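Comments concern the structure below.
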Amino acid sequence: MGEHHVFVHLPIELFGLNLSITNFVVMLFVAAGLTFLFLVSAARAFRPSGEGRFPNLVEALLGFVQENVTDACMGHHHGAAWFPFVATVFFFILFGNLIGLIPVPGYFHAATSNLNVTAMMAVVVFVIVQAVAIKTHGPKYYLALLFPKSAPAILRYTLMPPIEFIGILARPFSLAIRLFANMTAGHQIILVLLTGDLIGVTYLLHQGVLVKILAPVPLIVVIVMDAFEIFVAFIQAFIFALLTALYLSEALEESH
Amino acid sequence: MDTNTVAQAAQIISTAALAKLGAGLAVGLGTLGSGVGIGVIFGKSIESAARQPEAAPLINRMMYTGFALVEAQALYALLITFLLLAAK
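Below is the structure:
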């Protein structure tokens, strides 16, 4: 799985941690820079009369996020307060996914195809959700969570706490791994099909002319997989933002 | 099975070979459940959208949400496959 070689551009070693600027870090900078440029330039070009194609595009995307992610999960009041955070998560992950589709061989890859990046996003979301929960309900939030009232008293103190604990911990894990695996899997399939590493493909190409006609088939499949990868990039960004809004709404709800 | 034969076979078959076998099994068995799940999700969504076309945008959105969550399960298995393929 390691066809991405690490090119160290600027070795930095701080407090025993390796903080060098590698090509992975450059990809992160590109994703963050694109997010910033995309949103800020749209905000600058925004006209109340509604003209301009680019502000309209960004407004459509932001409206999509607000309508389907924040308002659907958190209601209008909390949704308006948390919309900037959820929208930033959405756009950062979207651009992190999309830059993996630009074919600069050996250098460009999806910023989110790195487990460290997705784990970082998942941990950020997890910490913020816990902080919001503690701020809303106080530390007794964990009492109500680990010992749920909806379970019979026999189970409530023996079996439910470990299950609930694992359930809480499983959320950042699943967020990180879902995004990472979705981004890596598609690119692996494209890579394997393109490099002809498939035993069947190279064997077919050595046969007669009739079989050589089948040679463009992997290329067509790669094109279709590329289109599917764009779809997956949008869906995964949407899912991450949706789950973030969902966990936030669970932490914010008053009826515990 | 004779335990002696199994022990001898285990010494001959390398861990790398077993890892590749496990990799194939992992993704093969893992996509079974995900395939069933995706079929159920899309089938039910199409059915309910046909029963009530006004709710189609809402159903569409929930369908894609469910699809991504179910797809993730198959990709957990694929992750194990990658980990096993990298074993030596």
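Protein sequences, first through last, are from chains A and B. The numbers in my numbering rise by one with no breaks, and the one at position 18 of the first sequence is 18. The numbers in my numbering rise by one with no breaks, and the one at position 13 of the second sequence is 13. Using N, Cα and C, we set each Cβ at its ideal position, and we do this for glycine too. Here the structure is a predicted model, which means the values were calculated and not measured.
Segment limits, alpha helix (DSSP H) that includes residue i
i, result
"residue 94 of chain A", "71-98"
"residue 125 of chain A", "115-137"
"residue 214 of chain A", "From DSSP, residue 214 of chain A is part of no alpha helix (DSSP H); its letter is neither H nor E."
"residue 34 of chain A", "23-45"
"residue 40 of chain B", "15-51"
"residue 187 of chain A", "160-195"
"residue 144 of chain A", "140-146"
"residue 80 of chain B", "56-85"
Residue i versus residue j - alpha carbon distance
i, j, result
"residue 84 of chain A", "residue 36 of chain B", "37 angstroms"
"residue 256 of chain A", "residue 170 of chain A", "Residue placement at residue 256 of chain A is flagged as unreliable, the pLDDT there being 43, under the threshold of 50; the coordinate-derived value follows with that caveat. Taking the straight line from one Cα to the other gives about 21 angstroms."
"residue 54 of chain B", "residue 40 of chain B", "21 angstroms"
"residue 215 of chain A", "residue 194 of chain A", "11 angstroms"
"residue 180 of chain A", "residue 42 of chain B", "24 angstroms"
"residue 218 of chain A", "residue 87 of chain B", "28 angstroms"
"residue 39 of chain A", "residue 71 of chain B", "30 angstroms"
"residue 11 of chain A", "residue 63 of chain B", "46 angstroms"
"residue 185 of chain A", "residue 20 of chain A", "27 angstroms"
"residue 48 of chain B", "residue 61 of chain B", "13 angstroms"
"residue 51 of chain A", "residue 58 of chain A", "12 angstroms"
"residue 46 of chain A", "residue 13 of chain A", "43 angstroms"
"residue 9 of chain B", "residue 80 of chain B", "25 angstroms"
"residue 7 of chain A", "residue 37 of chain A", "26 angstroms"
"residue 149 of chain A", "residue 167 of chain A", "16 angstroms"
"residue 243 of chain A", "residue 174 of chain A", "10 angstroms"
"residue 192 of chain A", "residue 32 of chain B", "22 angstroms"
Cβ neighbour criterion (16 or more within 10 Å) applied to residue i
i, result
"residue 106 of chain A", "exposed"
"residue 28 of chain B", "exposed"
"residue 182 of chain A", "buried"
"residue 157 of chain A", "exposed"
"residue 120 of chain A", "exposed"
"residue 110 of chain A", "buried"
"residue 126 of chain A", "buried"
"residue 54 of chain A", "exposed"
"residue 113 of chain A", "buried"
"residue 236 of chain A", "buried"
"residue 102 of chain A", "exposed"
"residue 92 of chain A", "buried"
"residue 129 of chain A", "buried"
"residue 144 of chain A", "exposed"
"residue 28 of chain A", "buried"
"residue 116 of chain A", "exposed"
"residue 155 of chain A", "exposed"
Cβ shell of residue i (< 6 angstroms), same chain only, five flanking positions each side left out
i, result
"residue 146 of chain A", "161 and 164"
"residue 1 of chain A", "Any reading at residue 1 of chain A is ruled out, since the residue's pLDDT is 41, under 50, leaving its predicted position unreliable."
"residue 176 of chain A", "118, 119 and 122"
"residue 95 of chain A", "31, 34 and 35"
"residue 78 of chain A", "252"
"residue 51 of chain B", "none"
Sub-8 angstroms separation of residue i and residue j beta-carbons
i, j, result
"residue 241 of chain A", "residue 90 of chain A", "yes"
"residue 26 of chain A", "residue 9 of chain A", "yes"
"residue 30 of chain B", "residue 84 of chain B", "no"
"residue 23 of chain A", "residue 233 of chain A", "no"
"residue 132 of chain A", "residue 172 of chain A", "no"
"residue 239 of chain A", "residue 5 of chain B", "no"
"residue 62 of chain A", "residue 87 of chain A", "yes"
"residue 78 of chain B", "residue 178 of chain A", "no"
"residue 222 of chain A", "residue 190 of chain A", "yes"
"residue 14 of chain B", "residue 73 of chain B", "no"
"residue 38 of chain B", "residue 82 of chain B", "no"
Distance cut-off 7 angstroms: residue i Cβ against heavy atoms of the ligand SAM
i, result
"residue 72 of chain B", "Although the ligand SAM was asked about, the structure shown includes no ligands whatsoever."
Beta-carbon contacts of residue i that lie in its chain and below 8 angstroms, excluding the five residues immediately before and after
i, result
"residue 25 of chain B", "none"
"residue 75 of chain A", "249"
"residue 82 of chain A", "70, 74, 245 and 248"
"residue 100 of chain A", "108, 109, 110, 111, 112, 113, 183, 187, 229 and 233"
Chain-ordered chain D contacts of residue i [CB-CB under 7 angstroms]
i, result
"residue 79 of chain B", "Considering every chain present, this structure includes no chain D. Its protein chains are A and B."
Boundaries (first-last residue) of the beta strand (DSSP E) holding residue i
i, result
"residue 10 of chain A", "8-10"
Sequence-distant residues of its chain with Cβ nearer than 7 angstroms to residue i (five each side left out)
i, result
"residue 45 of chain B", "59 and 63"
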